[in-house]
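Down below is the structure, laid out as structure tokens.
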Amino acid sequence: MSSELPTWKEIPIAGTILEPGNSVKYKTGDWRTFRPVIDQEKCVRCLFCWAYCPDAAVKIVEKPYRTQSGREYQFSVEIDYDYCKGCGICANECPAKAIQMVEEVK
Amino acid sequence: MPERYYKSLRDLPKEEYLASGHRLCAGCAAGTIIRHLLKVAGPNTIVVTATGCLEVATTPYPLTAWRVPWIHVAFENAASVASGVEAAIKALQRKGLIDPSKRINIIAIGGDGGTYDIGFQALSGMLERGHKVMYLLYDNEAYMNTGIQRSGGTPQFAWTTTTPAGRVWKGKHQPKKPISDIVAAHRIPYVATANPAYVLDMVNKFRRALEVEGPSFVHVIQPCPTGWRFDPSKSIEIAKLATETGMWINWELDHGEFRVTVPVPKRKHVKHYIRAQGRFRHLTDEDIEKIQEYINKEVERINKLVGKEVIGPLAE
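For the record, the sequence lines run as chains A and B. Position 95 of the first sequence, counting from 1, maps to 95 under the numbering used here, and the rest follow consecutively. Position 262 of the second sequence, counting from 1, maps to 368 under the numbering used here, and the rest follow consecutively.
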């Protein structure tokens, strides 16, 4: 990172940041010690995890899903492991108990 | 009942204007609050923040998590800067340099330090001058960014590094300053308190606050895993407990009309909320009874204000 930093001549006046939302370059996923794993079979798509996530790391994706019992959903909910900090709010708040926190091991 | 703009979580906009990759602690509810605020406000928004966790964590130079124009000047003047931005936009619209029909949201965001203590004068001035700015207070009840020092928003008996708990001191002596009541005394169009555990209630209040003509103020509780000493996964659970015990009451004052938006038919004992947090671990059962008495009085006051029992009796 340090080698990519601009020099003082390249920095805009007053140090303004001209690229909105460029914090996505910094991956906070490596802060995590426990990873949330969603069981798509148990998930009822209530979106509580998506609403409560402080890091916008729970994504709503256009992936239709059919459970073994025959329920059909138009979309799925997935976790963006690049940014998930592993706080566990999603697993704690999930009413269907569909999210498990699994330890990160190599 | 007033109109509810968002009836379920599926009605909320899917766009994110607070990007991932910000450096707020894991489990910090400020991320949740600001994400929803920006979802409701949309792209035509200018944000001013006071110094605080949010400002430091979202803009580590040369990166920024904001996808809307954002400015930070100093700790004490978020409301003054927002007033200036609003006046400048009005002038540009009058001169025809910006389309006068274009609605631009101006939002000032302060933490409890930047609102209760340091930024209070600027806030009071902004409210008195009547600028059309929404002020959001995210209240984590101490100066968390500099390492947990007491603020005007710290509740009674809470441990902080400047109100230590020992044989003589039991944390902070004084009760929390009733900032929302003080702001309401400025007779501004809209004042509300909200809780991130009740997302729909919170986003509807944000929407209403952005819509009214004139200044508006929303006070949101923000559990802080680092400063309140609890596991990051419990942030929302503790926020919910605050409302269920009556420690935090979700109300709104819309043009003089007072409403409690999240009624609690049966109240839990405050010990459930207190015992979940490390900052209250030095308290004995008698101390907790003192807090309970304080809450009972507050609930009685609110019920009298509404005219019926919106917050129910103690059940467990």
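Even for Gly, the Cβ is constructed at its ideal location relative to N, Cα and C.
Exercise for the section: Return no unless some Cβ of chain B is closer than 8 angstroms to the Cβ of residue 52 of chain A. Expected result: So, interface residue.
Practice task
Using a Cβ-Cβ cut-off of 8 angstroms, state whether residue 379 of chain B counts as contacting chain A.
Solution key: Residue-level contact check: residue 379 of chain B does not touch chain A, since none of the beta carbons of chain A fall below 8 angstroms from its beta carbon.
Practice task
Report buried or exposed for residue 8 of chain A, applying the criterion of at least 16 other Cβ atoms within 10 angstroms of its Cβ.
Solution key: Taking every protein chain shown into account, the CB of residue 8 of chain A has fewer than 16 other CB atoms within 10 angstroms, so this residue is exposed.
Practice task
Kindly say whether residue 125 of chain B, judged by its beta-carbon, lies nearer than 8 angstroms to any beta-carbon of chain A.
Solution key: Yes - at least one Cβ of chain A is within 8 angstroms of the one on residue 125 of chain B.
Handout entry: Exposed unless 16 or more other CB atoms sit within 10 angstroms - verdict on residue 91 of chain A
Key = By the neighbour-count rule (16 or more Cβ atoms within 10 Å), residue 91 of chain A is buried.
Handout entry: DSSP bridge partner residues for residue 366 of chain B (one or two, in chain order)
Key = Under DSSP, residue 366 of chain B forms a beta bridge with B:357.
Problem - C-beta contact flag for residue 160 of chain B and residue 136 of chain B at 8 angstroms - result: Yes. Within cutoff.
Exercise for the section: Measure the CB-CB distance between residue 115 of chain B and residue 18 of chain A and report whether it falls below 8 angstroms. Expected result: Contact annotation: residue 115 of chain B and residue 18 of chain A have beta-carbon atoms that are not nearer than 8 angstroms.
Practice task
Quick one: which unbroken beta strand (DSSP E) runs of 3-plus residues sit fully inside the region 133–168 of chain B? Chain order, please.
Solution key: The qualifying runs are 151–155.
Practice task
Starting from the beta carbon of residue 134 of chain B, find every residue of chain A whose beta carbon is closer than 7 angstroms, and list them in chain order.
Solution key: The contacting residues are 54.
Exercise for the section: Less than 8 angstroms between the CB atoms is what I'm expecting for residue 172 of chain B and residue 153 of chain B, so what's the real figure, rounded? Expected result: Going by Cβ atoms, the distance from residue 172 of chain B to residue 153 of chain B rounds to 6 angstroms, so yes, they are a contact pair.
Practice task
Excluding the 5 residues preceding and the 5 following residue 444 of chain B in the sequence, name in chain order all residues of the same chain whose CB lies nearer than 6 angstroms to its CB.
Solution key: The requested residue 444 of chain B does not occur in the structure, where chain B is confined to residues 107 to 422.
Handout entry: Assumed close pair residue 35 of chain A, residue 102 of chain A - CB separation to whole angstroms, cut-off 8 angstroms
Key = Going by Cβ atoms, the distance from residue 35 of chain A to residue 102 of chain A rounds to 5 angstroms, so yes, they are a contact pair.
Handout entry: Three-state secondary structure assigned by DSSP to residue 269 of chain B
Key = In the three-state DSSP reduction, residue 269 of chain B falls in the strand class (E or B).
Practice task
Run down chain A in chain order and give the residues with a C-beta less than 9 angstroms from the C-beta of residue 340 of chain B.
Solution key: Residues of chain A passing the Cβ test: 88, 89, 92.
Problem - beta strand (DSSP E) segments (min. 3 residues) lying fully within the region 203–237 of chain B - result: Here the runs fully enclosed are 211–217.
Practice task
Label residue 117 of chain B either buried or exposed according to how many other C-beta atoms from any shown protein chain fall within 10 Å of its C-beta, with 16 as the threshold for buried.
Solution key: Counting Cβ neighbours within 10 Å, residue 117 of chain B comes out exposed, since fewer than 16 surround it.
Exercise for the section: Please decide whether residue 243 of chain B counts as near chain A, where near means a Cβ-Cβ distance under 8 angstroms. Expected result: So no, residue 243 of chain B is outside the interface.
Handout entry: Span separating the alpha-carbon of residue 268 of chain B from that of residue 407 of chain B
Key = Computed Cα separation, rounded: 31 angstroms.
Handout entry: Where residue 201 of chain B falls: helix, strand or coil (DSSP)
Key = In the displayed model, residue 201 of chain B falls within coil according to three-state DSSP, outside both helix and strand.
Practice task
Output yes if chain A places a C-beta closer than 8 angstroms to the C-beta of residue 259 of chain B; else output no.
Solution key: Not one chain A Cβ lies under 8 angstroms of residue 259 of chain B.
Handout entry: Cβ neighbour criterion (16 or more within 10 Å) applied to residue 293 of chain B
Key = Residue burial is scored here from C-beta neighbours: residue 293 of chain B has fewer than 16 other C-beta atoms within 10 angstroms and is therefore classed as exposed.
Practice task
Return the first residue and the last residue of the beta strand (DSSP E) that residue 323 of chain B is part of.
Solution key: Counting along the chain, residue 323 of chain B sits inside the beta strand (DSSP E) bounded by residues 322–327.
Exercise for the section: May I ask you to verify whether the region 220–239 of chain B touches the region 354–373 of chain B, counting CB pairs closer than 8 angstroms and requiring at least 3? Expected result: Note that the region 220–239 of chain B does not touch the region 354–373 of chain B; fewer than 3 beta-carbon pairs, one per stretch, sit closer than 8 angstroms.
Practice task
Give a yes or no on contact between the region 314–323 of chain B and the region 339–348 of chain B, applying the rule of three or more CB pairs nearer than 8 angstroms.
Solution key: Because the criterion of three Cβ pairs below 8 angstroms is not met, the region 314–323 of chain B and the region 339–348 of chain B do not touch.
Problem - Where residue 305 of chain B meets chain A, residues with beta-carbon distance less than 7 angstroms - result: The answer, in chain order, is 51.
Handout entry: Contacts that residue 334 of chain B makes with chain A (C-beta to C-beta distance below 8 angstroms)
Key = What residue 334 of chain B touches in chain A: nothing, since even the nearest Cβ is about 14 angstroms away.
Exercise for the section: Give a yes or no on whether the minimum CB-CB distance between residue 30 of chain A and chain B is below 8 angstroms. Expected result: Closer than 8 angstroms: no.
Exercise for the section: Verify the CB distance criterion: does residue 39 of chain A have a CB-CB separation below 8 angstroms to chain B? Expected result: It does not: the Cβ of residue 39 of chain A has no partner Cβ on chain B nearer than 8 angstroms.
Practice task
Mind listing, in chain order, the continuous alpha helix (DSSP H) runs of no fewer than 4 residues lying wholly within the region 28–80 of chain A?
Solution key: As for any alpha helix (DSSP H) of minimum length 4 sitting wholly inside the region 28–80 of chain A, the runs are 48–52, ordered along the chain.
Exercise for the section: Thinking residue 195 of chain B and residue 210 of chain B are a contact (beta carbons under 8 angstroms), I'd like their distance in whole angstroms, please. Expected result: Contact between residue 195 of chain B and residue 210 of chain B is confirmed by a C-beta separation of about 6 angstroms, below the 8 angstroms threshold.
Exercise for the section: Determine the direct distance from the alpha carbon of residue 69 of chain A to that of residue 219 of chain B, and round the result to whole angstroms. Expected result: Whole-angstrom Cα-Cα distance: 52 angstroms.
Exercise for the section: Indicate whether at least one CB of chain A lies closer than 8 angstroms to the CB of residue 384 of chain B. Expected result: It does not; no Cβ of chain A falls within 8 angstroms.
Exercise for the section: Using a Cβ-Cβ cut-off of less than 9 angstroms, list which residues of the region 166–192 of chain B approach chain A; keep chain order. Expected result: Taking 9 angstroms as the Cβ-Cβ cut-off against chain A, the residues of the region 166–192 of chain B that qualify are 166, 167, 168, 169, 170, 171, 172, 173, 174, 175, 176.
Practice task
Just the C-alpha distance for residue 378 of chain B and residue 208 of chain B, rounded to the nearest angstrom, thanks.
Solution key: The alpha-carbon atoms of residue 378 of chain B and residue 208 of chain B are separated by roughly 48 angstroms.
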